[in-house]
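Engineer: One structure, as C-alpha cells, below. Some questions next.
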Amino acid sequence: MDRQAPDPLQLIRRRIDAADAEIHRLLMERAAVIDELIHVKGTSMPGAAFRPDREADMMRRLVARHSGVLPLASVEHIWRELISTFTAMQAPYGVVTPPGDDPLALRDLVRFYFGFHVPVHVAPDVAAALADVAREGRDLAVVPLATRGRWWAGLIDPDAPKIFARLPFLEMPDRPAALPAYVAGPPLTQKLEPDIRLLVLKANAEASAFLAYVGGRIAGEAEGEFLAEIPGDERISDFPDFAASPAVGGFAAPIRVGSLEAAADSGRAGHE
C-alpha cells in the first residue's frame, strides 16, 4: 500500500518549530556568554556596560547581511531588545524623558530602542531628566532634538552626563519610532572616537562659517549658543578656538538605508 505523501503544511510547521527551538537555544547561549562576561569584567555601572561603538558596529553588520521579506525595522527592534536586556543584566538602568511635545512618539521611541524590561519615567523637564542621570549614575535620558531652549546646559561640565547616541540609528522611509532624539548617560569608562561630535559654540557668523567648512550642522540654538554636530575628522584642529569649545558628547553616524557603504566607511568596530 502506497504511503500517503507528507502534508506540506505540517512540514512547514515542523521547520518553523525547529527554527524557533534553535533561536531559543542561541538566546540562552548568548545569555550564558553575557553572564561569563559579567564575571570577567565585573561590570556594575552603565558607564562600563554601555558600548555605543560596538552597538553601532553590530547594527551596521546586521544591515549589511540582511535580506528577504522580513522588514528591516522588525529585525532592528529585535536586536535592540536583545542589546538592552543583556546590557541591563550587566548593569541595571532606567530611562528618563522630559514630557516632550509628542509624548506618545517619545514613548514609542524609548520602547523600540530599550524594550519593555527597562523602567521608564517622565521628568518635569530636560534639566530635571539630566539631573536625574547625574544623581543616580545609572539612568539614561532621551531628549528629542526638537527640544527648545538651552537644554544642553546640564551636559557642559566635564563630569556631567554626555550624549552618546542619536536615534533613530537606521533612517528609512515610514519607519516606526522615527522621532529624532539624543541619548545622554553617565560618562563612559572607555573613550569613544565618535563619527559626529557635539560642541557648544558661540552663536555668531564665525561659528556659522566654521560649521559650513567642516560640514557640520546646528542642532539647537538658544541664549547666544549653538549646539553643533561636527563630523569627527581632523579639520577641527585647524581652528583652535572651536576645538577648545565645550564638548557635550558624540555619536555614531546613523545609517541611511540604501547608503550603507558610506555609513559603514565611517564606522568603527568595537569590542564587547
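With full-length UniProt numbering applied, the sequence shown corresponds to residues 1 to 272, in that order.
Ideal Cβ positions, reconstructed from N, Cα and C, are used throughout, including at glycine.
#1: What is the DSSP secondary structure of Y113, reduced to helix, strand or coil?
#2: Going residue by residue through the segment 158–236, where are the continuous beta strand (DSSP E) segments of at least 3 residues, counting only ones entirely within it?
#3: Kindly indicate which three-state DSSP category G94 falls into: helix, strand or coil?
#4: Once DSSP output is grouped into helix, strand and coil, what is the label at P144?
#5: Closest to R150 by C-alpha separation, out of A134, Y213, H24, A203, would be which residue?
#6: Thinking just about the alpha-carbon of each residue, which of D101, R14, V118 is nearest to the one in V126?
#7: Count the other CB atoms, across all protein chains shown, that sit within 10 Å of the CB of D17; report buried if there are 16 or more and exposed otherwise.
#8: Please state the DSSP three-state secondary structure of H66.
#9: Could you check what DSSP says for F86 in three-state terms: helix, strand or coil?
#10: For D53, verify whether its CB is less than 7 Å away from any heavy atom of the ligand HEM.
#11: Among L155, P124, L179, which residue has its Cα nearest to the Cα of P99?
#12: For I255, write down the residues that DSSP places opposite it in a beta bridge.
#13: Do you know whose CA, among P173, M59, L130, lies nearest L155's CA?
#14: I'd like to check one pair, F50 with residue 352: are the Cβ atoms closer than 8 Å?
#15: Buried or exposed for P176, going by 16 or more other Cβ atoms inside 10 Å?
#16: Around the C-beta of S84, are 16 or more other C-beta atoms found within 10 angstroms, so that it is buried, or is it exposed?
#17: Report the CB separation of P186 from R138 in whole angstroms; it is logged as a contact under 8 Å.
#18: Taking contact to mean 3 or more Cβ pairs, one atom from each stretch, closer than 8 Å, check whether the segment 57–68 and the segment 109–117 are in contact.
#19: May I ask you to list the residues that DSSP assigns as paired with H77?
#20: For the alpha helix (DSSP H) holding V126, just list the boundary residues, first then last.
#21: Going by beta carbon distance, what residues of the same chain come within less than 7 Å of H77, once the five residues before and after it are set aside?
#22: Would D20 be called buried (16 or more neighbouring beta carbons within 10 Å of its own) or exposed?
#23: In this structure, does DSSP put D241 in helix, strand or coil?
#24: If you run the structure through DSSP and keep just helix, strand and coil, what is P8?
#25: How would you label V248, buried or exposed, when you count the other beta carbons within 10 angstroms and need 16 or more for buried?
#26: Tell me V120's beta-bridge partners as DSSP assigns them.
Structural biologist: With the structure as the only source:
#1: helix
#2: 162–167, 181–185, 196–202, 217–222, 225–231
#3: strand
#4: strand
#5: A203
#6: D101
#7: exposed
#8: coil
#9: helix
#10: Absent from the structure shown: the ligand HEM. Ligands present: none.
#11: P124
#12: L170
#13: L130
#14: Residue 352 cannot be examined here, being either before or after the span of the chain that is shown, 1 to 272.
#15: exposed
#16: buried
#17: 7 Å
#18: no
#19: Beta-bridge pairing links H77 to no other residue.
#20: 126–136
#21: F112
#22: exposed
#23: helix
#24: helix
#25: buried
#26: V95
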